[in-house]
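A.B. asks:
Residue numbers (the numbering used here): 358 to 547.
1) Please report how far the alpha carbon of residue 398 lies from the alpha carbon of residue 382, in whole angstroms.
2) Which value, in whole angstroms, describes the spacing of the CA atoms of residue 467 and residue 433?
3) In terms of residue numbering, what span does the alpha helix (DSSP H) encompassing residue 440 cover?
4) In its own chain, which residues sit with a C-beta less than 6 Å from the C-beta of residue 372, not counting the 5 before and 5 after it?
5) Got a sec, what are the start and stop residues for the beta strand (DSSP E) residue 395 sits in?
6) Measuring only the C-alpha atoms, how far is residue 534 from residue 506?
7) What three-state label does DSSP hand residue 380 in the structure shown?
8) Based on the DSSP output, what are the partners of residue 468 in its beta bridges?
9) Quick one: is residue 370 buried, meaning 16 or more other Cβ sit within 10 Å of its Cβ, or exposed?
10) Using a Cβ distance threshold of 8 Å, determine whether the stretch 445-452 contacts the stretch 486-505, with at least three qualifying pairs required.
11) Does the Cβ of residue 410 have 16 or more other Cβ atoms within 10 Å, making it buried, or fewer, making it exposed?
12) In terms of residue numbering, what span does the beta strand (DSSP E) encompassing residue 532 cover?
13) Excluding the five sequence neighbours on either side, which residues of its own chain have a C-beta within less than 7 Å of the C-beta of residue 531, listed in chain order?
14) Are the beta-carbon atoms of residue 414 and residue 379 separated by less than 8 Å?
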C-alpha cells in the first residue's frame with residue numbers, strides 16, 4: 358500500500374483520500390491502516406477542514422431477517438434507523454479515540470462512506486444491484502466525536518431494485534461549524 362500526501366499553498370478546505378487499487382475490498386483493517394498512514398504522512402503545518410473518504414470506504418454487516426426491508430423505494434424509517442445504528446457501531450470501532458486524536462491534528466471533519474456488506478457475499482456485480490443494500494455517509498466532527506448521517510437517495514440505474522433509499526432527504530443538509538453543508542452520497546448529484 359502506498360500512501361502519498363500532497364499539499365500546495367495554504368490550508369486546504371478539502372483533502373480527498375483516493376484509492377488507486379484496482380479493487381478496494383472495503384476491508385476494515387486496511388481502512389484503519391490507510392487512515393493511520395494518512396496521519397503519519399500528513400504535511401506538517403497543514404490542516405484541512407474536511408478529509409473525505411470514498412463512498413463504500415468500509416462495510417457493515419446486517420442480517421435481513423433481523424431487519425426485513427419490504428420496500429426499498431419507501432423503507433420504514435425505523436428500519437433505516439436500525440441499519441444506521443449498525444453502521445455507526447462499525448464506524449466507531451474504526452475511529453477509535455486514539456485514531457480520532459491523530460485525525461483531529463489533520464482536519465476538523467472526516468467523512469466515511471459505509472455500505473451494507475450483504476452484496477459482498479454475492480457475486481458482484483451480477484447479483485448486487487438486485488438485492489437490498491444501503492449506502493450511508495457519516496460526517497464526524499473530530500473535535501467532539503459527533504456523527505451526522507445521511508444516506509444515498511438516488512440509485513444508479515442498475516440499483517433501482519436493490520438500493521434502500523434514504524427516506525429523510527433533509528439529512529443531506531447539516532449545520533456545521535463551517536456553515537450549512539450539503540452532503541451527497543455517490544450518484545445523488547444526478
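Glycine included, every Cβ here is placed at the ideal spot set by N, Cα and C.
C.D. replies: Working from what's here:
1) 23 Å
2) 28 Å
3) 434-451
4) 405, 408
5) Where residue 395 is concerned, there is no enclosing beta strand (DSSP E), although the alpha helix (DSSP H) it sits in stretches over 385-398.
6) 16 Å
7) coil
8) 409, 496
9) exposed
10) yes
11) buried
12) 530-533
13) 496, 505, 538, 540
14) no
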